[in-house]
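Asker:
In mature numbering (1 follows the signal peptide of the UniProt record, and there is no 0), the protein residues as written are -18 to -1, 1 to 494.
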């Protein structure tokens, strides 16, 4: 199997160098469509910038996809003609191809275009929708997955891709998974039942060269919420096993999962709840680790309760609440060296709002809304678990509390936190460099400002295999012209659009 550390660099004939800077000119705001990163096995392998060139007719435009490798070397320009409403949602790559997921909102279709490293189109798959399907028609793009893993488009096995579609039509919901082969024109489809009022969501948690593990969620408001973990064969969609927790003492809501190398064991990490708990509205009991065999049977389980193991480090009560940070929302689980696991959490709490009390009193004759409380995102906490999956350390990193919701007096704090996660309203952004278990960086926003011209800070927690070091990156622009994206280990990618010059500047910012 080919090495993939410089996967996109082999598109060109010379050796890629870490130039760290790139500018693309002649990009006005109307022509610049969107940009993003290219992922392979949850690692950043490059970037793309999607722009319109010319308007060919009333309904057709010409477009260019600028492709860069992980060192910002511009390696390819892919040109094509398409309807004027086309959008790129995500990009991924494997050892020999590069895939883009396009969405056409006006004609109700999605397409996957797979290109070889020579820039030539190898495969083209189209998925048509009926007019009744709701936007966006792809996997739940309102459900933002933390980190930099793709939501809909995933590289799968040695030469294929899996796309997850979320389906909706007149109050009937479901999901669909499609496998698209990059070498031969073949595919398969795996669908959920279409149900009234019950929403369905699917997410790939882990995979090997032949098996992928899917988390499926079936929910109706905040009262009914069922989670299931199922493993399938990538090439023939046959079910390998279900992880059955019906006989377990608790229900788990998974954060992450991984196949342990050299074994047939799956490690699942998540919050655990009482059997009768409503997982979106009620507090969890703590953090749990399950180990399941190749038949899905849970062989080992480890619990870290809020009132016991976690209380020793964070002074949490039985419901997982601390005085300063409030409750803790787990964003991501990271595999570290020597069997360690790090879980990135962010605090959230509901507090009394004096200004809202005054506002509610003044507006009482005019409205029924009561603004007595507000919910804020508080500090970032990194929990460290040993190879036995027991908590051994918890580091708290202060940041400015950011109010995320008003008029929350009669809203469940936990339900609102779930909505914050789904709309990406927390300040945690991503973790980069997770392929190297000894070195990774956790990135989040701190809204503190030393002057009105500042746009806040990007905080980076850099782990060197032994301890964390905190760095700050000043966001100079208050407007949305500056974008920070994950990059190769030890770097962040900064994109700055300069309106007056019609130019996009990109650079790799060293953080270690």
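From the three backbone atoms N, C-alpha and C, an ideal C-beta is built for every residue, glycine too.
(1) Starting from residue 444 and walking both ways along the alpha helix (DSSP H), at which residues does that stretch end?
(2) Rank 161, 430 and 47 by C-alpha distance to the C-alpha of residue 438 and give the top, closest one.
(3) In or out: residue 44 buried (at least 16 other Cβ within 10 Å) or exposed?
(4) Within its chain, find whatever has a CB closer than 8 Å to the CB of residue 498; leave out the 5 residues flanking it on each side and keep chain order.
(5) Taking the beta carbon of residue 119 as the centre, do at least 16 other beta carbons fall within 10 Å, making it buried, or is it exposed?
(6) What is the DSSP secondary structure of residue 89, reduced to helix, strand or coil?
(7) Taking 8 Å as the cut-off, does the region 442 to 457 touch the region 401 to 411 (at least 3 CB pairs, one atom from each stretch)?
(8) Do you know whose CA, among 83, 359 and 428, lies nearest residue 107's CA?
(9) Does residue 294 come out as helix, strand or coil in the three-state DSSP assignment?
(10) What are the boundary residues of the alpha helix (DSSP H) that residue 396 is part of?
(11) Considering just the uninterrupted stretch of the beta strand (DSSP E) at residue 486, what are its terminal residues?
(12) If you count every other CB in all the chains shown that lies within 10 Å of the CB of residue 236, and 16 or more means buried, which is it?
(13) At a cut of 8 Å, does the region 356 to 369 reach the region 274 to 283 through at least three beta carbon pairs?
(14) Answer with buried or exposed for residue 136, where buried requires no fewer than 16 other C-beta atoms within 10 angstroms of its C-beta.
(15) Let me check one thing: in DSSP terms, what residues is residue 376 bridge-paired to?
(16) Tell me the rounded alpha-carbon separation between residue 198 and residue 483.
(17) So, is residue 153 buried or exposed, given that buried needs 16 or more other C-beta atoms within 10 angstroms?
(18) Just reading off the beta strand (DSSP E) that residue 452 is part of, what are its end residues?
(19) Determine the burial state of residue 423: buried for a count of at least 16 other Cβ atoms within 10 Å of its Cβ, exposed for fewer.
(20) Quick one: which unbroken beta strand (DSSP E) runs of 3-plus residues sit fully inside the region 228 to 303? Chain order, please.
(21) Tell me whether residue 166 sits in a helix, a strand or coil according to DSSP, three-state version.
(22) For residue 312, which residues does DSSP report across the bridge?
(23) Starting from the Cα of residue 465, find the closest Cα among 271, 472, 451 and 490 and give me that residue.
(24) Could you confirm whether any beta carbon from chain C is found closer than 8 Å to the beta carbon of residue 136?
(25) Can the beta-carbon of residue 308 be found closer than 8 Å to that of residue 265?
(26) Looking at the secondary structure, which residues open and close the beta strand (DSSP E) in which residue 6 lies?
(27) Taking the CB atoms as reference points, tell me whether residue 282 and residue 373 lie closer together than 8 Å.
(28) Which value, in whole angstroms, describes the spacing of the CA atoms of residue 125 and residue 321?
(29) Identify the continuous beta strand (DSSP E) that holds residue 307 and give its terminal residues.
(30) For residue 468, which three-state DSSP category applies?
(31) Buried or exposed for residue 244, going by 16 or more other Cβ atoms inside 10 Å?
(32) With DSSP as the reference, label residue 321 as helix, strand or coil.
(33) Between residue 488 and residue 410, what straight-line distance do the alpha-carbon atoms span, to the nearest angstrom?
(34) Take the Cβ of residue 103 as the centre, count every other Cβ of all protein chains shown within 10 Å, and call the residue buried at 16 or more, exposed below.
(35) According to DSSP, is residue 226 part of a helix, a strand, or is it coil?
(36) Count the other CB atoms within 10 Å of the CB of residue 290; is the residue buried (16 or more) or exposed (fewer)?
Answerer: Put simply:
(1) Counting along the chain, residue 444 sits inside no alpha helix (DSSP H); it lies in the beta strand (DSSP E) bounded by residues 439 to 445.
(2) For the set 161, 430 and 47, the Cα lying nearest the Cα of residue 438 is the one of 430.
(3) Result: exposed.
(4) The question about residue 498 has no answer here: the residues shown for the chain are numbered -18 through 494.
(5) Low per-residue confidence applies at residue 119: pLDDT is 43, beneath 50, and the placement is therefore not dependable enough to give any value.
(6) Secondary structure of residue 89 (DSSP, three-state): coil.
(7) Result no; under three Cβ-Cβ pairs closer than 8 Å.
(8) Across the set 83, 359 and 428, the C-alpha of 83 shows the shortest separation from the C-alpha of residue 107.
(9) Of the three classes helix, strand and coil, the one that applies to residue 294 here is helix, per DSSP.
(10) Per DSSP, residue 396 belongs to the alpha helix (DSSP H) from 395 to 404.
(11) For residue 486, the uninterrupted beta strand (DSSP E) run begins and ends at 485 to 492, by DSSP.
(12) Label assigned to residue 236: buried.
(13) Fewer than three beta-carbon pairs drawn from the region 356 to 369 and the region 274 to 283 are found closer than 8 Å, and the two stretches are therefore not classed as touching.
(14) By the Cβ-count criterion, residue 136 is buried, with 16 or more other Cβ atoms from all chains shown falling within 10 Å of its own Cβ.
(15) Looking at the DSSP output, residue 376 bridges to 365.
(16) Their backbone Cα atoms lie some 46 Å apart in a straight line.
(17) Exposed, since its Cβ has fewer than 16 Cβ neighbours within 10 Å.
(18) Boundaries of the beta strand (DSSP E) harbouring residue 452: 450 to 456, taken from the DSSP string.
(19) That one is buried.
(20) Listed in chain order, they are 233 to 241, 248 to 255, 268 to 274 and 280 to 287.
(21) Of the three classes helix, strand and coil, the one that applies to residue 166 here is coil, per DSSP.
(22) Under DSSP, residue 312 shares a beta bridge with 327.
(23) With distances taken between Cα atoms, residue 465 lies closest to 490.
(24) Among the protein chains of the structure shown there is no chain C, as only one such chain exists.
(25) Not closer than 8 Å, so no.
(26) Segment 3 to 6, the beta strand (DSSP E) holding residue 6.
(27) Not closer than 8 Å, so no.
(28) The predicted position of residue 125 is uncertain, since its pLDDT is 37 and thus under 50; no value can be drawn from it.
(29) Per DSSP, residue 307 belongs to no beta strand (DSSP E) and is neither H nor E.
(30) Note: residue 468 maps to strand in three-state DSSP.
(31) Residue 244 comes out exposed.
(32) Note: residue 321 maps to helix in three-state DSSP.
(33) Going from the Cα of residue 488 to the Cα of residue 410 covers about 22 Å.
(34) Exposed is the call here.
(35) DSSP places residue 226 in coil when its eight states are reduced to three.
(36) Residue 290 comes out exposed.
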